[in-house]
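Chemist:
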Amino acid sequence: MPPPVAEATDLRFDDIHDVAGKPRNPRLAASLHFLADGMVFGTWAALIPSFKSRFALSEAQLSVVLLAIAAGAIFSMPAAGRTVARHGSRANLRIFAPAFCVSLALLVLSPHFKLFVAAAFLFGAVKGAFNVSVNSQAIAIENAAGKPIISSFHALWSLGGMSAALVVGAALKIGLSPASVAIGIAAVLLAVVTVFHSHLLGGDAAPKSAAKEKFLFPDGKLLRIGIVTFMVLFAEGVMMDWSVVYARTISGAEAWLAPVAYGVFSGCMALGRLFGGSLISRLGPSGMLTAGGIFTTAGLAVVTGIHHWPATFVGLALTGFGLANLVPILFGAGGRAHEGGAGNGIATVSIMGYFGFLIGPPLIGGISHQAGLPAAFALVVAFAFFIAAFGNRFLGKITTTNESLRLPATPSGMPVASSSTWMAC
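Here the working numbering is used: the first residue of the sequence shown is 60, the next is one more, and so on.
#1: From this set, N451, G183 and V291, which residue's C-alpha is nearest A441's C-alpha?
#2: Can you find the residues in the same chain that come closer than 6 Å, C-beta to C-beta, to P318, ignoring five residues on each side of it along the sequence?
#3: In whole angstroms, what is the alpha-carbon distance linking Y413 and N403?
#4: For S192 and V143, which I take to be in contact (beta-carbon distance under 8 Å), what is that distance rounded to the nearest angstrom?
#5: By a C-beta neighbour count over all protein chains shown, 10 Å radius and 16 as the cutoff for buried, is R86 buried or exposed?
#6: Going by C-alpha distance, which of R83, N84, A88 and L94 is nearest G326?
#7: Given A130, which residues of its chain have a CB within under 8 Å of its CB, disregarding the five upstream and five downstream residues?
#8: Using beta-carbon positions only, say whether V287 and I446 come within less than 8 Å of one another.
#9: Might you give, ordered along the chain, the residues of its own chain that have their beta carbon closer than 7 Å to the beta carbon of S109, omitting 5 neighbours on each side?
#10: Taking 8 Å as the cut-off, does the region 348 to 356 touch the region 204 to 219 (at least 3 CB pairs, one atom from each stretch)?
#11: On the CB-based measure, 16 or more other CB atoms within 10 Å of its CB, does V254 come out buried or exposed?
#12: Checking 8 Å against the spacing of the C-beta atoms, do Q196 and L259 come in under that value?
#13: By Cβ distance below 7 Å, which residues in the same chain neighbour G346 in space, the five residues on each side in sequence not counted?
#14: For I242 and F453, what's the separation of their Cα atoms in angstroms?
#15: Quick check: the region 424 to 441 against the region 324 to 342, are there 3 or more CB pairs under 8 Å?
#16: Look up K232 in the DSSP assignment and say whether it is helix, strand or coil.
#17: On a Cα-Cα basis, can you pick out the residue from A448, I423 and G450 that is closest to A437?
#18: Where A392 and I284 are concerned, what is the direct C-alpha to C-alpha distance, given to the nearest angstrom?
#19: Exposed or buried, what is G147 when buried is set at 16 or more other beta-carbons lying within 10 Å of its beta-carbon?
#20: With distances taken Cα to Cα, identify the nearest neighbour of P420 among L121, L152 and T102.
#21: Quick one: Cα of H171 to Cα of G322, how far?
#22: To which residues of the same chain is A245 closer than 8 Å at the C-beta, ignoring the five residues directly before and after it?
#23: Tell me which residue opens and which closes the alpha helix (DSSP H) that H146 is part of.
#24: Going by C-alpha to C-alpha distance, which of M298, F449 and A434 sits closest to A383?
#25: Look at the alpha carbon of V300 and the alpha carbon of A204, and state the distance between them as a whole number of angstroms.
#26: What are the start and end residues of the alpha helix (DSSP H) that includes L249?
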């Protein structure tokens, strides 16, 4: 059945004052949560070579750690989608935003490999729940604002990753330990998300009838969105987890410089997302999907073809810019394609996407053990080429125009947004 339809009305933030009457700033609060999310994950990604050295990990053992993180995310996201539907994203973020910061500290304090794997699973589980919750909050804010702003939130996630990579690289350069850097970053971010939680937007819980729905296998539209999201997040996961290792072991970057590889990738993703709204307006989501695939394919060709760190950084820049706006488009489409609410839709698309995280980095590790990292990256090139050449045909038309005022309803019964919002048809 098609999703329920709501009458078009003017949208307003439904909860912009706290109980004491003080004004909220939901967009700022959500932006800081995305920034914190990106910085925590970016700190982990930048420190992967340090963990690899500390525990003397082979590629196969590192793959086990990466598998644990992704498995934790897969485990937590269905439950997070249901709790968002029942209680709203703000209630979820009260728990999972601080917990994600704490989980980074637990990760770096693990004394031996077995506890490190267990901490990695916990890190992934909290990350998965945080991901569903913060993206649901972003869609609620975008719905209330009546204009496409999700790309700006995802830009801050990427900016957080870039900032973390630069901080980690600088800290290692001056001789600080990886643990002290990670704990310091986690402590600052814990304070930020705690202070700004009260500013988040409320009122995005689904109606009781929708909140009671169980997580279902996606229908045709969600399935197609999920498959493409799988490919995009496969590529992102590989870049996030292997770019620093690649720069260090293949491209010859020094230990302090290698984390900058992740910073370059994330920084260009942030740049692309900062201009995401205007780029989507100019090219349309369909054009952006094709352009993203082309840039990603070209960037990975440079990374795999020229094994010197300056060329690797250029290739990662192109790849980051190419992938920049694909997940915001796909998450937004998924959140609006499920009649059980944005949380369930995002959870469905996220699970399929994070399955790319689940098999991507470990699979690349396994292939690289046999054929080397450059050859292993060929699989990512193949996915990027598919998105560029066949993505639009596979997904069907994606449009930014509102052909009717009969828009799919949000969990609160409001239409999704104004006519400028992109929707998968």
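For every residue, glycine included, the Cβ atom is placed at its ideal position computed from N, Cα and C. Everything numeric in this text was worked out from a predicted model, so none of it was measured.
Modeler: By the coordinates alone:
#1: V291
#2: Counting only Cβ-Cβ distances below 6 Å, and skipping sequence neighbours, we find A105, A224, V227, G228 and V303.
#3: Distance between the alpha carbons of Y413 and N403: 15 Å.
#4: 6 Å
#5: buried
#6: Closest by alpha carbon: L94.
#7: Closer than 8 Å at the Cβ level, and outside the excluded window around A130, lie F180, G183 and L417.
#8: yes
#9: P237
#10: no
#11: Flag for V254 reads exposed.
#12: yes
#13: none
#14: 44 Å
#15: The region 424 to 441 vs the region 324 to 342: no contact.
#16: helix
#17: I423
#18: 8 Å
#19: By the C-beta density criterion, G147 is buried, having at least 16 other C-beta atoms within 10 angstroms.
#20: L121
#21: 28 Å
#22: V99, T102, C160, V161, L163 and A164
#23: In this chain, the alpha helix (DSSP H) harbouring H146 covers E118 to H146.
#24: M298
#25: This sequence places Asp at residue 300; Val is not what is there. Straight-line Cα distance between these residues: approximately 34 Å.
#26: Its alpha helix (DSSP H) spans residues P237 to F255.
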